[in-house]
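Protein chains in written order, with numbering that gives the first Met the number 0: chain G, 0 to 634; chain S, 0 to 634. The beta carbon of each residue, even a glycine, is placed where N, CA and C say it ideally should be. Here the structure is a predicted model, which is why all the values come from computation and not from measurement. See structure below.
2 protein chains.
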Amino acid sequence: MAFEYLTNLPLEEARARFLAALDERGFGPESETVAVADACGRITARAVYAHISAPHYLASAMDGIALHAERTFGATETTPVVLRKEDFTVVDTGDPIPEGCDAVVMVEDVIYQDDGTVRLYAPAAPWQHIRQIGEDICAGEMILASRMTVSPSAIGAMLAAGVLEVDVLRRPRVGIIPTGDEIIPPTADPKPGDIVEFNSSIFSAMLRQWDAEPVTYPIVPDRKELISAALSKALDECDAVLLNAGSSAGREDYSAQVIGELGTVLCHGVAIRPGKPAILGCRGKKAVLGVPGYPVSGILVLNELLKPLLEQWYRSAPDRGETVQATLARAVVSGLKYQEFVRVRLGKVNGKLVASPLSRGSGMVSSFMKADGMLTVPQGVEGYAAGDAVTVQLLRREDTLDNTLVAIGSHDPLLDECADLLHIADPAMFMSSTHVGSMGGLMAVRRGEAHVAGTHLLNEEDGTYNVASIRKYFPRGGVSLVECVGRTQGLMIAAGNPLGIKGLEDLPGGLRYVNRQKGSGTRILIDYLCKTRGLDTKKISGYDREEFTHTSVAAQIAGGTADAGMGIYSAAQIYGLDFLPVCMEQYDLLIPDYAMDTPMVQRLLEVLRSDAFRERLEALGGYRLENPGTVRQHF
Amino acid sequence: MAFEYLTNLPLEEARARFLAALDERGFGPESETVAVADACGRITARAVYAHISAPHYLASAMDGIALHAERTFGATETTPVVLRKEDFTVVDTGDPIPEGCDAVVMVEDVIYQDDGTVRLYAPAAPWQHIRQIGEDICAGEMILASRMTVSPSAIGAMLAAGVLEVDVLRRPRVGIIPTGDEIIPPTADPKPGDIVEFNSSIFSAMLRQWDAEPVTYPIVPDRKELISAALSKALDECDAVLLNAGSSAGREDYSAQVIGELGTVLCHGVAIRPGKPAILGCRGKKAVLGVPGYPVSGILVLNELLKPLLEQWYRSAPDRGETVQATLARAVVSGLKYQEFVRVRLGKVNGKLVASPLSRGSGMVSSFMKADGMLTVPQGVEGYAAGDAVTVQLLRREDTLDNTLVAIGSHDPLLDECADLLHIADPAMFMSSTHVGSMGGLMAVRRGEAHVAGTHLLNEEDGTYNVASIRKYFPRGGVSLVECVGRTQGLMIAAGNPLGIKGLEDLPGGLRYVNRQKGSGTRILIDYLCKTRGLDTKKISGYDREEFTHTSVAAQIAGGTADAGMGIYSAAQIYGLDFLPVCMEQYDLLIPDYAMDTPMVQRLLEVLRSDAFRERLEALGGYRLENPGTVRQHF
């Protein structure tokens with residue numbers, strides 16, 4: 000048993016070892032015969048030759064009469080040729096050419112006489128308007144080479160050539176075995192500690208995109224003998240098996256042991272992050288992958304290790320995807336020990352493509368959904384600095400980036416509603432929002448990296464919003480402040496207010512507070528409110544526990560891990576929380592001159608002025624709409 | 000009944016009229032609810048919001064111990080903190096954080112004592128190694144906007160957020176009704192006059208690619224009442240119906256009449272070629288298209304008129320495809336009356352992208368299969384000259400063009416075998432062959448448009464092959480002549496030689512000959528052979544009937560429309576013809592210096608030298624292989 004315990008094998012090496020071992024042992028390709036009509040998108044297993052010619056007979060290419068061309072020689076405008084009934088045959092397009100005929104004259108050029116004869120005023124050239132046998136395809140001709148994808152027109156060509164079945168590469172069957180005591184099937188109502196098993200659904204969808212056939216097995220508890228039995232069965236039935244979770248070296252991580260006992264562990268531990276504890280193994284010509292449990296790790300392991308194996312099955316050229324050059328918005332620090340994969344958002348603003356790293360947590364499946372690209376930091380590289388030019392692998396079509404409105408700044412659920420309405424109004428347009436707080440939004444606009452920034456920055460001196468900050472950070476102007484909404488800020492507290500909280504004054508009394516991050520408008524507001532009320536924020540328990548959105552603050556209170564937090568009415572509403580209004584503030588949009596005339600921004604302003612937007616905000620609650628979408632002031 | 004008879008409506012106008020009429024009458028979109036796990040690739044009908052947060056509880060992000068962080072404050076390397084059993088809880092990754100705890104210390108940093116207490120040498124920060132509720136997704140948050148494609152990670156995000164079902168746009172059902180008396184289902188053995196019905200298979204595959212659901216109805220004979228009944232039924236069951244053939248204005252073309260009686264003909268006759276007799280109609284909010292019978296016309300009508308309608312159903316942005324700039328290899332002449340669609344082969348040679356028009360016959364389904372791109376000649380434009388820069392819509396991925404070996408020249412079935420072996424050897428490489436005869440190949444190399452040209456040009460003065468022609472057309476050299484094969488040329492005649500043909504001398508005796516095109520090596524050979532034997536080619540019947548390949552000459556003889564033709568042994572073999580050998584000739588490859596060092600050409604030479612190539616040619620028969628793939632001479 001070639002068993003290695005949590006090595007740190009470089010990705011290239013691990014992949015090469017895995018592919019070579021499976022190739023040696025005879026992993027795919029296998030073929031199957033399918034009806035040609037069902038073969039679209041499949042890969043031919045061998046070259047396809049025409050059985051018959053198409054057309055398979057001499058056919059008329061026109062409606063008209065078939066005749067022997069020689070009989071028409073000499074016909075002119077002044078000396079027409081007359082043909083008797085027995086000298087021609089009426090034919091429609093596609094009709095066979097009768098014996099002895101070698102030309103067709105179009106019906107438009109035939110003058111019928113009362114006695115059944117016809118006159119022709121021009122000679123016919125031999126073989127005119129006749130489709131020769133094999134004009135399209137000749138019997139014996141190669142229609143499709145091996146390993147080619149069957150297209151709709153190839154289906155037509157094969158059927159025309161009498162080929163009714165075709166040998167194609169069989170889709171590899173890939174088993175997925177979810178394991179774990181806490182794992183439960185998807186539900187809308189899990190108990191604390193229940194871990195919803197959705198990896199198999201993600202993996203199945205990925206496998207189908209790669210032309211493999213997923214087979215998902217029932218969840219197996221963390222017991223070695225049960226895992227072993229499940230893996231053995233799956234290996235009998237599939238070409239490759241994913242053993243999901245238990246791939247690490249913890250108390251209940253049996254994967255490596257089980258794979259080693261049933262077959263061979265080729266490698267345990269790959270120098271990638273996320274995805275390090277991956278296990279690569281095989282039993283005979285079947286492949287086994289021990290896949291880490293966190294969804295992001297799992298997706299990466301499948302991308303980097305299973306996809307190449309499937310490409311090897313199909314003997315297809317590796318699909319490396321497209322890459323773009325982008326400027327990095329924030330520094331990315333990486334460990335020297337690992338090749339690190341960083342999901343990024345891409346924003347094209349004012350002609351410049353900017354990559355913003357997304358959360359790197361392995362549990363963040365949403366970060367994969369939001370990602371536009373993947374940045375790879377090679378092993379041995381410490382990372383990249385903000386402003387570095389980096390190569391990013393695209394996860395979506397590049398042309399959609401040109402039509403994506405980039406919003407960076409303060410969070411409000413209304414931005415998602417705008418994104419939805421914008422895309423409905425113009426399906427070619429998208430909107431991507433990143434929540435970095437009001438100050439972060441101003442800075443992004445200043446760096447030329449955002450089309451629009453949501454902002455609600457209080458001027459502590461006069462209680463006005465936004466104008467003072469914009470004056471300060473854009474002394475030379477070049478931006479517009481666009482009116483959006485007034486919104487109610489207040490204390491979100493548990494439903495029914497079990498602790499009897501009356502207002503901000505109660506916060507220092509031992510309550511568990513949850514705060515927003517520094518630089519956010521809401522943090523500036525609570526800091527200001529505490530200061531003016533003489534409340535010592537050091538005495539507020541949890542004042543340094545920071546969340547990045549109104550909804551995540553609300554989620555902590557609803558989950559019972561905090562008692563109060565400052566936020567907007569709509570967030571409290573979503574979670575059914577009680578809400579003590581504190582003040583009405585102005586939430587506006589900062590739009591730089593370089594973005595104002597883009598079709599996306601203009602469309603956004605239309606959305607803001609629309610009835611649909613007003614209706615959606617009424618449903619959310621806590622907003623005051625006066626003239627949303629109008630320019631308040633140009634700086 | 001708004002009925003118009005074979006108008007010539009410009010495409011843009013016809014399409015706009017069709018789309019507007021259906022939009023007005025309420026054609027799609029409709030939605031349906033599907034399980035999230037099955038939703039990959041589907042389009043959301045409305046925005047999707049999270050039901051629950053993910054994680055839905057405070058979870059440990061590590062294996063270790065959960066504790067109240069305050070208890071660890073002050074711990075240092077020299078003054079560790081000791082915690083009693085009741086002060087901490089052992090947790091694995093994913094476990095819920097017990098009441099009263101607000102931090103996790105990794106197992107690596109915990110020193111267990113024999114008495115069950117633990118020592119910590121560093122303080123824990125509040126909330127460290129804890130996944131906050133909603134860290135990934137907050138309940139109430141918009142996960143996906145409307146009209147977005149569901150990705151594998153979006154499936155994961157929805158399931159994590161307790162969303163088990165999702166409203167997606169229903170796939171439009173499109174009925175296909177094949178009509179015609181001569182139409183039969185696909186068969187390997189059709190009778191003369193039988194027209195094999197493969198359009199419905201092509202259309203079905205196209206519809207699936209466009210996310211529509213095809214429903215193919217049985218073939219309907221050319222009787223108006225039967226067509227009407229079939230259309231009425233299909234309109235009840237589908238969202239759109241394709242009535243295939245009978246769309247013109249001939250004797251048995253009932254489509255327009257039937258559509259007009261059941262609903263409304265919006266337009267009959269569109270100014271496109273191929274595809275002119277298309278009919279656009281509707282019944283209520285259901286669409287009807289009368290689609291011409293020739294496959295190429297049908298594919299174009301679906302592309303230009305049905306695809307935009309389906310995009311309207313999905314309210315998706317029109318997919319215009321990618322375009323490239325290319326140099327036109329040959330002139331394209333077009334009628335002023337029509338917008339003309341010309342399939343082209345694209346070849347990238349020496350950095351230059353060349354577009355070669357393919358056969359424009361509407362019956363040529365193979366031309367669609369071979370096409371790399373589509374050139375559009377607008378209505379009112381007479382065409383383009385050879386050498387013009389034209390914009391071509393890509394029908395395959397642009398990067399495959401960089402890896403496609405362009406062979407232009409004389410035809411031999413061995414080229415297809417080379418293409419097959421080349422692509423098997425390197426799945427990233429492709430080979431495209433165009434048969435224009437030996438002289439055509441030399442000219443293509445001279446123009447810098449081919450990597451390789453098959454050639455067998457006889458020097459009439461000394462009976463040698465190729466060298467004299469190359470000297471003449473490449474006086475300054477820059478090319479290599481690479482040895483390929485010797486091959487047997489001779490007379491192909493019907494099996495069993497029913498006419499008792501003995502040799503070339505019998506040709507002028509009233510036999511029906513079928514010839515190769517001027518400029519082909521075989522034509523030069525037969526011209527030469529007749530001249531040296533004193534045979535008058537004017538007396539050979541059919542000497543001016545020209546085919547472009549050996550196999551198409553053989554197909555005419557096998558089909559009984561000709562008695563004899565000059566060609567190679569392997570072509571006669573494929574058709575089971577008798578063969579009277581006349582001479583052995585040298586078939587070589589001309590490779591220009593600019594192409595010699597490309598990976599594709601080098602790989603081709605390896606293929607020529609391989610055993611696999613030798614085996615395949617032995618199976619074809621009639622070849623003599625000495626040192627294929629070696630450079631015979633550099634010029």
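Enclosing alpha helix (DSSP H) for residue i [first to last residue]
| i | result |
| --- | --- |
| S/Ile523 | Gly520 to Thr531 |
| S/Thr550 | His549 to Ala557 |
| G/Glu23 | Leu10 to Glu23 |
| S/Asp610 | Asp610 to Leu619 |
| G/Gly155 | Pro151 to Ala159 |
| G/His633 | No alpha helix (DSSP H) contains G/His633, which is instead part of the beta strand (DSSP E) from Val630 to His633. |
| S/Leu603 | Pro598 to Leu607 |
| G/Met595 | Asp592 to Met595 |
| S/Gln311 | Lys306 to Tyr313 |
| S/Tyr235 | One point to set straight first is that residue 235 of chain S is Asp, not Tyr, in the sequence displayed. Run containing S/Asp235: Lys223 to Glu236, per the alpha helix (DSSP H) assignment. |
Spatially closest choice to residue i from the options, by CA coordinates
| i | options | result |
| --- | --- | --- |
| G/Leu206 | S/Ser152, S/Val269 and S/Ala239 | S/Ser152 |
| G/Arg475 | G/Arg41, G/Ile226 and G/Phe634 | G/Phe634 |
| S/Ile176 | S/Gln338, S/Leu420 and S/Cys237 | S/Cys237 |
| G/Gly640 | G/Ser609, G/Gln516, G/Lys285 and G/Gly495 | Given a span of 0 to 634 for chain G in the structure shown, any question on residue 640 of chain G remains unanswerable. |
| S/Gly621 | S/Asp411, S/Gly283 and S/Val630 | S/Asp411 |
| S/Lys351 | S/Phe367, S/Arg130 and S/Asp401 | S/Asp401 |
| S/Arg16 | S/Asp398, S/Ala354 and S/Val264 | S/Val264 |
| G/Asp62 | G/Glu212, G/Asp91 and G/Glu76 | G/Asp91 |
| S/Leu413 | S/Ala571, S/His450, S/Arg615 and S/Gly292 | S/Arg615 |
Strand pairing of residue i, partner residues [DSSP]
| i | result |
| --- | --- |
| G/Asn243 | G/Pro177 and G/Val290 |
| S/Pro580 | S/Gly489 |
| S/Ile132 | Paired residue(s): none; S/Ile132 is not in a bridge. |
| S/Ile539 | Answer by DSSP bridge pairing: none, since S/Ile539 is not bridged. |
| S/Met430 | S/Leu404 |
| S/Leu119 | S/Val80 |
Whether residue i touches residue j by CB criterion (8 angstroms)
| i | j | result |
| --- | --- | --- |
| S/Val106 | S/Val117 | no |
| G/Ala270 | G/Leu10 | yes |
| G/Ala49 | G/Ile154 | no |
| S/Ile201 | S/Ile278 | no |
| G/Ala34 | G/Val167 | no |
| S/Leu639 | S/Ser254 | As shown, chain S starts at 0 and ends at 634. That puts residue 639 of chain S outside it, with no answer to give. |
| S/Val300 | S/Val287 | no |
Start and end residues, beta strand (DSSP E) containing residue i
| i | result |
| --- | --- |
| S/Gly259 | Segment Ser254 to Leu261 is the alpha helix (DSSP H) holding S/Gly259; no beta strand (DSSP E) there. |
| G/Glu31 | Ser30 to Ala34 |
| G/Ile278 | Ile278 to Arg282 |
| G/Gly439 | Unbroken run through G/Gly439 is the alpha helix (DSSP H), Gly436 to Arg445; no beta strand (DSSP E). |
| G/Val341 | Gln338 to Val348 |
| G/Ser355 | Lys351 to Pro356 |
| S/Phe87 | Phe87 to Val90 |
| G/Asp166 | Glu164 to Leu168 |
| S/Gln324 | Thr322 to Leu327 |
Contact residues within the segment 478 to 494 of chain S, judged by C-beta distance below 9 angstroms to chain C: Absent from the structure: chain C. Protein chains present are G and S.
Check whether the segment 456 to 464 of chain S and the segment 513 to 529 of chain S are in contact - that is, three or more C-beta pairs closer than 8 angstroms. yes
Counting Cβ pairs, one atom from each stretch, are 3 or more of them under 8 angstroms apart for the segment 157 to 170 of chain S and the segment 439 to 451 of chain G? no
Count Cβ pairs between the segment 60 to 78 of chain G and the segment 336 to 350 of chain G that sit closer than 8 angstroms; are there 3 or more? no
Touching or not, the segment 577 to 587 of chain G and the segment 475 to 492 of chain G, by the rule of three or more beta carbon pairs under 8 angstroms? yes
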